[in-house]
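K.L.:
In the numbering used here, the protein residues as written are 154 to 309.
(1) Can you list, in chain order, the stretches of the beta strand (DSSP E) that have 3 or more residues and sit fully within the stretch 187–246?
(2) My output table needs one value for residue 293: the three-state DSSP class, helix, strand or coil.
(3) How is the alpha helix (DSSP H) around residue 282 delimited, first residue to last?
(4) Would you call residue 214 buried or exposed, if buried means 16 or more other Cβ atoms sit within 10 Å of its Cβ?
(5) I believe residue 292 touches residue 261 by the beta-carbon criterion, under 8 Å. Please report the beta-carbon distance rounded to the nearest angstrom.
(6) Would residue 306 be called buried (16 or more neighbouring beta carbons within 10 Å of its own) or exposed?
(7) Between residue 268 and residue 242, what straight-line distance do the alpha-carbon atoms span, to the nearest angstrom?
(8) Suppose you measure from the CA of residue 199 to the CA of residue 219; what does that come to, to the nearest Å?
(9) Between the alpha carbons of residue 166 and residue 202, how many angstroms are there, rounded?
(10) Count the other CB atoms, across all protein chains shown, that sit within 10 Å of the CB of residue 285; report buried if there are 16 or more and exposed otherwise.
(11) Kindly indicate the opening and closing residues of the beta strand (DSSP E) around residue 270.
(12) Tell me the rounded alpha-carbon separation between residue 250 and residue 283.
(13) Ends of the alpha helix (DSSP H) at residue 312?
(14) Which residue or residues does DSSP assign as beta-bridge partners of residue 287?
(15) On the three-state DSSP scale, how would you describe residue 299?
(16) Using 10 angstroms around the beta-carbon of residue 279, count the other beta-carbons present and answer buried if the total reaches 16, otherwise exposed.
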């Protein structure tokens, strides 16, 4: 039984329709797969940004915590600076513009807050800054810790 031309053409068209339908389904599946892939990539990017943000926040909090801890921690020269003040040692200087006064302050670091410090204009006759007044004697220029210790009896 042989098929007529019309039936052959009809079968061929049906086959082409079926292939076209299958190709369209494959194309839709690829598009869906690509959308899912892009969505997962977007999620991955967001996750990466969240992780980076969290790391930055932890670092900032760590720095703040360490700073707060180190500010409250006593400095190496706290007891020496307190002793100088207790023995009546007074430092006169010009913190705003004198590099030597600033250098003397830097030697004490955080402990300088315990030094009895006054601006040089508060005492008549000061010619050089810094000037230390200890037991009525004037000591001009930056003084070493050893010299201050020997003049006051304070331990470094």
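The beta carbon of each residue, even a glycine, is placed where N, CA and C say it ideally should be.
P.N.:
This is what the structure holds:
(1) 243–246
(2) strand
(3) No alpha helix (DSSP H) holds residue 282; DSSP gives it neither H nor E.
(4) exposed
(5) Rounded, the Cβ-Cβ distance is 16 Å, inconsistent with contact.
(6) exposed
(7) 8 Å
(8) 30 Å
(9) 53 Å
(10) buried
(11) 270–272
(12) 11 Å
(13) Residue 312 lies beyond the stretch modelled for the chain, which goes from 154 to 309, so this question has no answer here.
(14) 290
(15) helix
(16) buried
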